[in-house]
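Chemist:
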Amino acid sequence: MTIRIETDVLIIGSGPAGGSMALALATYGIDHLVVTRFGRLVRTPRAHITNQRTMEILRDLGVEDQVIDDATPKEWMGNNVFCETLAGDELGRIYSWQMHPLSEAEAKLASPTRINDTPQNYMEPILIHNATQRGSTVRYNTEYLNHKQDYNGVTVTVKDHLTNETYEIRCKYLYGADGGNSKVAENCGFEFDGEMGVGGSMNIVFDADLSKYVAHRPSVLYWVMQPGADIGGIGMGLVRMIRPWHKWLIVWGYDINAGPPEITDEYAIDVARELIGDPNIEIKIDSYSVWTVNNLYGLQNRDRRVFCGGDAMHRHPPSNGLGSNTSMQDSYNLAWKLAMVLRGQAGETLLESYNAERIPIAKQIVTRANQSIAEFGPIFDAIGFLSTEDPNEKKANMARRKENTPEATAQREALRQAILFKKYEFNAHGVDMNHLYESTAVASDGTPKPVPDRDPELHYFRTSYPGAKVPHNWFRRGPYGGTEILATLDLCCQGRFTLLTGIGGEGWVEAAQAYAKESGVPIAAVVVGPDRDVEDIYQEWPDIREVDEDGCLLVRPDGYIGWRSQSVADNATEELASAMNQILGR
Ligand code: FDA
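Take a look at the structure:
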């Protein structure tokens, strides 16, 4: 078989992981090719919650505005409603997705970006369109079959489904972003921990005008507590907004041991009407599919020149909205490392850090998403669903919460607490933002690892400790007090290292210039202070940066702190070079 195509990086898959890898590599000017099995991008909405960390990545890659244009704004996401049906009694609501006034303030302090709801069938076209505008090539109808690697590269066999031809592509690196049934991961022989198929679920996508039931309590998720809602699925029956307030997706579980039900239009309409609670509502079915809840994460994501990311490495339910977010974050973590190695700016050991940095996150998010399903249990317990199998008794138990009895008082309190506890699924800002990398691509500054002062799952922990995300602050630049407003992230990233310092830290600037000259690796040095590169708008930077004014923060191309120094050093050039060489494996 002849090699038809040669490329530096071959990406398998055009989902959130593959699309964002293509967009990042195209932005960095790295030669690459995407092959994807179908002749189209995803058809159904699938992922939707796009968290702040992902929005930071999309901001750096220059598509934040396009995503916001297509998204349902956060203002319409804030109520998570628990009800008997959409038309029936509401049992409770919680503020979600950082919409509680206190959480909203935390989110604003943590990042220049905002969470939003962007269905996957809107996100993927933005990623792929912008990637191709910047130089990506995508070959549709092309299926990855297998690969073999040698010292210099990887030879990949693919099948063109339009011609039925099989041919080879030669690449320097292969990225398997081929989803939850990843053939690339399977062919690499990666080990996994956990189980596939721990619950059964179905999606029903439909059109119906539900404005009168929901517009006064805007949310993306309406949780329906009906008999049967505690079986399989994602913990409870769900009516999810796709486009306000006329396009919807129902998630309804089934007993995995009994096998999936046969879904027909009639069946789907019945399920939808039951959950809405209106037997006459007009419903137009768009699609339906069955899927399984998984609880599985990879123990390694790299085999020499082959990497996997996204659902290929973490397979879990959509609870907490972590899937496509983590998939895009995997790709962004790897893209700059591949770029620097391919440009000869870094050694191969930089690539090892992808495994060290992303595998712990795979485990963390798979565990969290599955735990969130279990945490619906106390709600069902409180409404008396777990003490009986009889649907009528279940309904009677739930109604008993309205009575004026000591038991009903206790029931109301138990229900209130159980609903509030769901903040670990719907308002877990720390889960989204607190990734702390420990790898060779992070150089220690000798200080002890800080301990978060609040629950690290719920609250973002701001620190400039090496391995953490660079802390957010607002800076100004230009005439009249600064016509340009820039976040810390806007000063950093853009595919290169950045060194942040202040007045007195000029030694660091010289060190960055010396390192760039000697190694060919550019470091953008930014001095904060009056009449310097930027000024601190609100006088908050000294409280945030955790180093002295003449200290420095070395920020990696992905916005994570690679190293820091408390104050300027006499041997700044050697210190900075030592940190950079460690990070880059030079
Ligand atoms: P994904 O499966 O999206 O893409 C794989 C790609 O590889 C596809 O283009 C496929 O065609 C291609 N491919 C597969 N095999 C191939 C082969 N052999 N050759 C060539 N191409 C191949 N996540 C989230 O972050 N927030 C959320 O709110 C939700 N909500 C949500 C709701 C529901 C109902 C579901 C089912 C899922 C979610 N998710 C989610 C999860 C999210 O959809 C999922 O995590 C991402 O799609 C994973 O992205 P990947 O790119 O890794 O795989």
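Each number in the working numbering corresponds to the 1-based position in the sequence shown with 1488 added. Built from N, CA and C at the ideal position, the CB exists for glycine as well. What you are looking at is a predicted structure, and each value in this text was computed from that prediction instead of being measured.
Using a Cβ-based criterion (distance less than 7 Å to any ligand heavy atom), does residue 1739 qualify as near ligand 3?
Modeler: Among the ligands present in this structure, namely ligand 1, ligand 3 is not found.
Chemist: In terms of alpha-carbon separation, which member of 1839, 1736, 1914 and 1634 lies closest to residue 1566?
Modeler: As a position in the sequence shown, residue 1566 is number 78, starting the count at 1. Considering only alpha carbons, the answer is 1914.
Chemist: Whose C-alpha, out of 1684, 1531, 1595 and 2016, is nearest the C-alpha of residue 1539?
Modeler: If you number the sequence shown from 1, residue 1539 lands on position 51. With distances taken between Cα atoms, residue 1539 lies closest to 1595.
Chemist: Going by other Cβ atoms of all chains shown within 10 Å of its Cβ, with 16 needed for buried, is residue 2062 buried or exposed?
Modeler: As a first step, residue 2062 must be located in the sequence shown, where it is residue number 574. Exposed: under 16 other Cβ atoms inside 10 Å.
Chemist: Which residues share a DSSP beta bridge with residue 1978?
Modeler: What you label residue 1978 is simply residue 490 of the sequence shown in a count that begins at 1. The partner list for residue 1978 (beta bridge, DSSP) is empty, contrary to what the question assumes.
Chemist: Residue 1672 and residue 1796 - do their beta-carbons sit closer together than 8 Å?
Modeler: One-based indexing of the sequence shown puts residue 1796 at position 308. One-based indexing of the sequence shown puts residue 1672 at position 184. In this structure, residue 1672 lies closer than 8 Å to residue 1796 by Cβ.
Chemist: Sort 1598, 1568, 1775 and 1864 by Cα distance to residue 1703 and report the nearest one.
Modeler: If you number the sequence shown from 1, residue 1703 lands on position 215. Of 1598, 1568, 1775 and 1864, the residue nearest in Cα terms is 1568.
Chemist: Restricting to runs no shorter than 4 residues, where is the alpha helix (DSSP H) found entirely within the stretch 1709-1737?
Modeler: As far as the stretch 1709-1737 is concerned, it has no whole alpha helix (DSSP H) run of at least 4 residues.
Chemist: Of all the options 2043, 1691 and 1871, which has the alpha carbon lying nearest to the alpha carbon of residue 1978?
Modeler: As a position in the sequence shown, residue 1978 is number 490, starting the count at 1. Answer by Cα proximity: 2043.
Chemist: Does residue 1629 come out as helix, strand or coil in the three-state DSSP assignment?
Modeler: Within the sequence shown, numbered from 1, the residue matching residue 1629 stands at position 141. Coil, per DSSP.
Chemist: Is DSSP giving residue 1908 helix, strand or coil here?
Modeler: By one-based count along the sequence shown, residue 1908 stands at place 420. Three-state result, residue 1908: helix.
Chemist: Given a threshold of 16 other Cβ atoms within 10 Å of its Cβ, counted over all protein chains shown, does residue 1873 qualify as buried or as exposed?
Modeler: The residue given as residue 1873 occupies position 385 in the sequence shown. Residue 1873 should be labelled buried.
Chemist: I'd like the list of long-range same chain contacts for residue 1998, defined as Cβ closer than 8 Å, with 5 residues on each side in sequence excluded.
Modeler: Locating residue 1998 in the sequence shown gives position 510, counting from the first residue. So the qualifying residues of the chain are 2060 and 2061.
Chemist: Can the beta-carbon of residue 1798 be found closer than 8 Å to that of residue 1818?
Modeler: As a first step, residue 1798 is located in the sequence shown; it is residue number 310 there, counting from the start. As a first step, residue 1818 is located in the sequence shown; it is residue number 330 there, counting from the start. Yes; because the gap between Cβ atoms is below 8 Å, this pair is in contact.
Chemist: Report all residues from its chain with a CB closer than 7 Å to the CB of residue 1983; omit the five preceding and five following residues, and keep chain order.
Modeler: The sequence position of residue 1983 within the sequence shown is 495, counting from 1. Same-chain partners within the cutoff: 1515, 1516, 1824, 1827 and 2045.
Chemist: Residues in its own chain within less than 6 Å of residue 1860 by CB, not counting five upstream and five downstream?
Modeler: Start at 1 with the first residue of the sequence shown, and residue 1860 comes out as number 372. Once the five neighbours on either side are set aside, the close Cβ partners of residue 1860 are 1807, 1808 and 1913.
Chemist: Taking Cβ to Cβ, would you say residue 1635 is nearer than 8 Å to residue 1643?
Modeler: Looking up residue 1635 in the sequence shown gives position 147. Looking up residue 1643 in the sequence shown gives position 155. A contact, by the Cβ cut-off of 8 Å.
Chemist: Are the stretch 1946-1956 and the stretch 1914-1934 touching, with three or more C-beta to C-beta distances below 8 Å?
Modeler: Verdict: yes, contact present.
Chemist: Consider the C-beta atom of residue 1525 and the heavy atoms of ligand 1; say whether any pair is separated by less than 7 Å.
Modeler: In the sequence shown, residue 1525 corresponds to position 37, counting from 1. For ligand 1, at least one heavy atom lies less than 7 Å from the Cβ of residue 1525.
Chemist: Taking the alpha helix (DSSP H) that residue 2041 falls in, what are its first and last residues?
Modeler: As a first step, residue 2041 must be located in the sequence shown, where it is residue number 553. Per DSSP, residue 2041 belongs to no alpha helix (DSSP H); it is in the beta strand (DSSP E), 2040-2043.
Chemist: Relative to the C-alpha of residue 1756, which candidate in 1768, 1747, 1774 and 1744 has its C-alpha closest?
Modeler: Stepping through the sequence shown from its first residue, residue 1756 is reached at position 268. Comparing Cα-Cα distances from residue 1756 to each of 1768, 1747, 1774 and 1744, the minimum goes to 1774.
Chemist: Does the distance between the C-beta of residue 1779 and the nearest non-hydrogen atom of ligand 1 fall short of 7 Å?
Modeler: Translated into the one-based positions of the sequence shown, residue 1779 becomes position 291. Answer for residue 1779: yes, Cβ within range of ligand 1.
Chemist: Starting from residue 1925 and walking both ways along the beta strand (DSSP E), at which residues does that stretch end?
Modeler: The residue labelled residue 1925 in the question sits at position 437 within the sequence shown. Taken as a continuous stretch (DSSP letters only), residue 1925 belongs to no beta strand (DSSP E), as it is neither H nor E.
Chemist: Which residue from 1856, 1886, 1879 and 1853 puts its Cα closest to that of residue 1869?
Modeler: As a first step, residue 1869 is located in the sequence shown; it is residue number 381 there, counting from the start. Of the listed residues, the one whose Cα sits closest to residue 1869 is 1886.
Chemist: For residue 2013, which three-state DSSP category applies?
Modeler: For this step, residue 2013 is matched to residue 525 along the sequence shown. Three-state DSSP puts residue 2013 in a strand.
Chemist: If I measure Cβ to Cβ from residue 1719 and keep anything under 8 Å in the same chain, skipping five residues before and after, which residues do I get?
Modeler: In the sequence shown, the residue the question calls residue 1719 occupies position 231. The residues are 1741, 1742 and 1743.
Chemist: What is the DSSP secondary structure of residue 1637, reduced to helix, strand or coil?
Modeler: Position 149 of the sequence shown holds residue 1637. Residue 1637: strand per DSSP, three-state reduction.
Chemist: Does the stretch 1673-1684 come close enough to the stretch 1782-1797 that 3 or more CB-CB pairs lie under 8 Å?
Modeler: Yes, the stretch 1782-1797 is in contact with the stretch 1673-1684.
Chemist: My understanding is that residue 1708 touches residue 1560, with C-beta atoms under 8 Å, so please give their C-beta distance in whole angstroms.
Modeler: In the sequence shown, the residue the question calls residue 1708 occupies position 220. In the sequence shown, the residue the question calls residue 1560 occupies position 72. 7 Å between Cβ atoms; contact.
Chemist: Hey, how far is the Cα of residue 1989 from the Cα of residue 1965?
Modeler: By one-based count along the sequence shown, residue 1989 stands at place 501. By one-based count along the sequence shown, residue 1965 stands at place 477. So the two alpha carbons sit approximately 16 Å from each other.
Chemist: Check whether the Cβ atoms of residue 1562 and residue 1604 sit closer than 8 Å, and answer yes or no.
Modeler: Counting from 1 along the sequence shown, the entry for residue 1562 is found at position 74. Counting from 1 along the sequence shown, the entry for residue 1604 is found at position 116. In this structure, residue 1604 lies closer than 8 Å to residue 1562 by Cβ.
Chemist: Quick check: does the Cβ of residue 1632 come within less than 7 Å of any heavy atom belonging to ligand 1?
Modeler: The residue labelled residue 1632 in the question sits at position 144 within the sequence shown. Yes.
Chemist: Buried or exposed: which applies to residue 2066, given that a residue is buried once 16 or more other Cβ atoms fall within 10 Å of its Cβ?
Modeler: Within the sequence shown, the letter at position 578 stands for residue 2066. The residue in question, residue 2066, is exposed, as its Cβ has fewer than 16 Cβ neighbours within 10 Å.
Chemist: Can you find at least 3 beta carbon pairs, one from the stretch 1693-1701 and one from the stretch 1719-1736, that sit closer than 8 Å?
Modeler: Counting Cβ pairs under 8 Å, three or more are found: they touch.
Chemist: Considering only DSSP beta bridges, list what residue 2024 is partnered with.
Modeler: Translated into the one-based positions of the sequence shown, residue 2024 becomes position 536. In the DSSP output, where bridge partners are listed per residue, residue 2024 has 1963.
Chemist: How should residue 2075 be labelled, buried or exposed, when 16 other C-beta atoms within 10 angstroms of its C-beta is the threshold for buried?
Modeler: Since the first and last residues shown for the chain are 1489 and 2074, residue 2075 lies out of range.
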